[in-house]
Amino acid sequence: VGMDYGKHLNLHTIIMLRDVIRKWWQVELAFADRHGMVHEWQRGEISPPPNAFCRASLTSKEGLRRCGQSVRVLNEKFKANKKVRRSLIHDCHLNFSIVGAPLYIANEYEGFLFVEGFARQPLDAREADVLKSKVRQFAPQHATLDGRSEQVPVLDGAELSKLSDLLECAANEIANHEAAEASRQEDGAPGSSRELSDRYRFEKIIGRSGPMMEVFRLMEKVANSDSTVLINGESGTGKELVARAIHLSGPRAQQPFVVQNCSAFNDNLLESALFGHTRGAFTGALRDKKGLFEVADSGTFFLDEVGDMSAALQVKLLRVLQEGTFLPVGGTQLKEVNVRVIAATHKDLSELVKRGEFREDLYYRINVIRVQLPPLRERRDDMPVLIDHFLRKHHREGQRARGLDAEALAILGAYAWPGNIRELENEIERLLVLGGDLESIPAELISSRIRDAVLPGGGPFISPRAHGKLHEAVEALEREMIQQGLMRTRYNKSRLARELGISRSNLILKISRYGLDKGLPEDESEMGDA
Numbered sequence: 001v002g003m004d005y006g007k008h009l010n011l012h013t014i015i016m017l018r019d020v021i022r023k024w025w026q027v028e029l030a031f032a033d034r035h036g037m038v039h040e041w042q043r044g045e046i047s048p049p050p051n052a053f054c055r056a057s058l059t060s061k062e063g064l065r066r067c068g069q070s071v072r073v074l075n076e077k078f079k080a081n082k083k084v085r086r087s088l089i090h091d092c093h094l095n096f097s098i099v100g101a102p103l104y105i106a107n108e109y110e111g112f113l114f115v116e117g118f119a120r121q122p123l124d125a126r127e128a129d130v131l132k133s134k135v136r137q138f139a140p141q142h143a144t145l146d147g148r149s150e151q152v153p154v155l156d157g158a159e160l161s162k163l164s165d166l167l168e169c170a171a172n173e174i175a176n177h178e179a180a181e182a183s184r185q186e187d188g189a190p191g192s193s194r195e196l197s198d199r200y201r202f203e204k205i206i207g208r209s210g211p212m213m214e215v216f217r218l219m220e221k222v223a224n225s226d227s228t229v230l231i232n233g234e235s236g237t238g239k240e241l242v243a244r245a246i247h248l249s250g251p252r253a254q255q256p257f258v259v260q261n262c263s264a265f266n267d268n269l270l271e272s273a274l275f276g277h278t279r280g281a282f283t284g285a286l287r288d289k290k291g292l293f294e295v296a297d298s299g300t301f302f303l304d305e306v307g308d309m310s311a312a313l314q315v316k317l318l319r320v321l322q323e324g325t326f327l328p329v330g331g332t333q334l335k336e337v338n339v340r341v342i343a344a345t346h347k348d349l350s351e352l353v354k355r356g357e358f359r360e361d362l363y364y365r366i367n368v369i370r371v372q373l374p375p376l377r378e379r380r381d382d383m384p385v386l387i388d389h390f391l392r393k394h395h396r397e398g399q400r401a402r403g404l405d406a407e408a409l410a411i412l413g414a415y416a417w418p419g420n421i422r423e424l425e426n427e428i429e430r431l432l433v434l435g436g437d438l439e440s441i442p443a444e445l446i447s448s449r450i451r452d453a454v455l456p457g458g459g460p461f462i463s464p465r466a467h468g469k470l471h472e473a474v475e476a477l478e479r480e481m482i483q484q485g486l487m488r489t490r491y492n493k494s495r496l497a498r499e500l501g502i503s504r505s506n507l508i509l510k511i512s513r514y515g516l517d518k519g520l521p522e523d524e525s526e527m528g529d530a
């Protein structure tokens with residue numbers, strides 16, 4: 001059994017490296033196993049490169065075979081010399097370059113990471129003609145290659161050297177991750193702190209969408225500082241998960257991580273929980289009790305729903321943040337602590353400040369670095385990986401279900417998810433309980449509140465397709481719903497946006513994207529919106 005490359009694609013560093021490589025040089029990072037096989041290509045999951053010649057080759061049967069052969073030549077080079085730990089370059093069957101860095105896990109060669117399909121200098125007209133005739137030999141259907149040579153990425157020596165460094169860095173990242181996992185398994189029983197820490201690393205926060213990439217970049221920056229962080233996000237977006245990941249990726253990782261929800265207790269109980277109390281401070285206080293700030297000393301304190309804190313407690317919190325001191329309930333002796341505070345809220349604190357419900361000085365003290373967590377409806381690209389993750393997480397022995405019907409996926413993809421990731425996880429767990437003995441979970445098992453929200457009035461489900469990729473099914477359904485909605489509301493975009501639970505500007509973007517603005521009666525739509 002070879003390496004689990006799917007797992008490595010989800011490591012946040014690899015996601016970020018792929019992103020950087022794509023942005024800087026318009027090329028794709030890929031993996032080949034120790035036999036030189038590219039599993040993504042075998043499964044047909046080919047990210048279309050901007051290089052039109054490579055695109056034509058990878059999407060034709062014979063071309064894909066030749067591309068695979070070119071990759072295997074690089075694999076043979078690595079296998080022939082186990083001392084090579086640096087990147088190597090090889091020219092492919094179309095005379096473009098492939099650069100790869102070998103991956104060694106526990107000193108065993110496991111394959112390589114590579115980038116292919118770039119030229120070392122711009123193509124001249126003669127070279128472009130030779131290329132066209134080569135490609136047409138095995139991919140005659142790709143006749144539109146004229147004038148495409150300017151789309152070929154060009155990397156000179158200096159750029160190639162940078163790319164090689166990044167590939168080697170990615171290989172080291174994976175090797176280090178595997179080594180950490182191996183030592184964790186040797187070290188501890190389940191539930192050990194090492195396992196817990198691993199569970200909350202960045203890699204465990206699932207997401208490859210644009211909005212999540214922004215969150216990862218910011219987390220990376222703030223992890224090593226001691227600044228106070230404010231995490232903003234709706235309920236169920238994973239605020240505590242992000243707080244734990246920031247804590248465990250920073251210098252306080254070995255110190256306590258303490259959590260308190262500020263809306264869970266009344267004022268007196270919360271004050272006692274946060275700051276502790278002395279014996280006899282109130283009825284029932286039979287002995288001195290440490291507060292959570294003291295428990296969190298030298299570590300991180302995650303204060304959830306900080307917007308629900310009373311004015312009196314806000315003053316005490318401000319003192320801890322500014323001076324590192326507090327007074328236990330009934331106490332006379334100030335206590336000193338060194339705690340990093342990460343606060344979270346689903347409320348708009350600036351709005352609470354305007355209304356006089358939240359202290360302005362505390363707001364500025366908390367809002368040093370702000371991480372905005374996107375709701376699930378704004379990161380729909382992550383739905384397939386999240387659904388897959390929760391199906392595996394909640395799979396029980398004896399259950400047959402390995403996935404959901406295309407129809408079920410499309411309904412889940414079209415729903416607005418007010419409860420976000422938490423709501424999605426609960427729904428997948430419920431579906432596995434109800435349909436775990438079926439091969440594939442059908443749409444009729446989905447909760448009625450989700451079905452009714454997606455299909456107003458209990459209308460028939462417009463099945464966009466019964467096969468293909470999830471995002472294609474979701475897009476087909478989205479297009480159909482918007483098209484029908486425009487007709488139903490007589491092109492009243494504001495009303496339709498409200499019905500669909502999206503902003504009017506987002507709806508207009510989607511109308512344009514799906515080409516539904518062709519022939520749309522402009523005057524009527526504007527009158528309808530008035």
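Residue 243 in UniProt numbering is what sits at position 243 of the sequence shown, and the numbering runs on without skipping anything.
We put the CB at the ideal spot given by N, CA and C, even for glycine.
If you're wondering where the values come from, they're calculated on a predicted model, not measured in any experiment.
Note on geometry: alpha-carbon atoms of residue 231 and residue 46 lie some 36 Å from one another. CA-CA distance, residue 59 to residue 40, rounds to 13 Å. Between the alpha carbons of residue 298 and residue 243 lies a distance of about 16 Å.
Around residue 360, the same chain offers 353 as residues with beta carbons nearer than 6 Å, after the five sequence neighbours per side are excluded. With contacts defined by Cβ atoms closer than 8 Å, residue 212 and residue 319 do not form a contacting pair. By the Cβ-count criterion, residue 121 is exposed, with fewer than 16 other Cβ atoms from all chains shown falling within 10 Å of its own Cβ. Secondary structure note for residue 109: its beta strand (DSSP E) is the uninterrupted segment 108-118.
Look at residue 426 here: in three-state DSSP terms it is helix. Counting every other CB atom within 10 Å of its CB across the protein chains shown gives residue 345 a total of 16 or more, marking it as buried. Annotation: residue 54 to residue 117 spans about 6 Å, alpha carbon to alpha carbon. Per DSSP, reduced to three states, the secondary structure at residue 18 is helical. Between residue 258 and residue 302, the gap from beta carbon to beta carbon is short of 8 Å. Around the beta carbon of residue 435, a 10 Å sphere encloses 16 or more other beta carbons of the protein chains shown; the residue is thus reported as buried. Per DSSP, the beta-bridge partners of residue 277 are 289, 329.
Contact between residue 450 and residue 415 holds, since their C-beta atoms are separated by about 5 Å, short of 8 Å.
Here the region 435-445 lies against the region 394-406, with 3 or more beta-carbon pairs under 8 Å apart. Inter-residue distance for residue 237 and residue 246 is about 16 Å (C-alpha atoms, whole angstroms). Listed in chain order, the non-local C-beta contacts of residue 514 below 6 Å within the same chain comprise 479, local neighbours out to five positions each way being set aside.
A Cβ-Cβ distance of about 6 Å is found for the pair residue 417 and residue 377, placing them in contact under the 8 Å criterion. By alpha-carbon distance to residue 170, the top candidate from 454, 496, 216, 87 is 87.
Contact annotation: residue 15 and residue 163 have beta-carbon atoms that are not nearer than 8 Å.
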